[in-house]
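Trainee: Quick note: the sequence shown uses UniProt numbering, first residue 1, plus one each step.
Quick one: structure below, then a few questions.
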Amino acid sequence: MATLADLEARIAALEAAQADYRAVLAAINALGGNQREQSQRLGNVETGLVAVEQRLGSVSTTASDTNARVRSLENGQAEIRDLLIRALDR
């Protein structure tokens, strides 16, 4: 038969184990909250990256259009220069 001291020791051990369990559970809950926050931040970063990629695509298209227009202007200027040189040579 268990003595009162043995029962008190068992109760103390159970209380300590329960305290350990509560500490582990609190740590897991904190980690879960941290994971949710990190996941949300990552989602925000990914959304921002998509927006940046779209803008870069738009800038690239605009740059290509601008380059084509500059080449067209340069060709036009070259034609005008050639016409002026021919007219002055007559």
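Each residue gets a CB set at the ideal place from its N, CA and C atoms; glycine is no exception.
Computed from a prediction, not measured in an experiment: that's the story for all the values here.
1) Along the chain, where does the alpha helix (DSSP H) containing Thr47 start, and where does it finish?
2) Just how far apart, CA to CA, sit Ala87 and Glu74?
3) Taking only the alpha-carbon atoms, compute the straight-line gap between Arg36 and Tyr21 and give it to the nearest angstrom.
4) In whole angstroms, what is the alpha-carbon distance linking Thr3 and Ala9?
Mentor: Short version:
1) Its alpha helix (DSSP H) spans residues 4-89.
2) The alpha-carbon atoms of Ala87 and Glu74 are separated by roughly 20 Å.
3) Approximately 22 Å, taken between the alpha carbons.
4) Spanning the two alpha carbons is a distance of roughly 10 Å.
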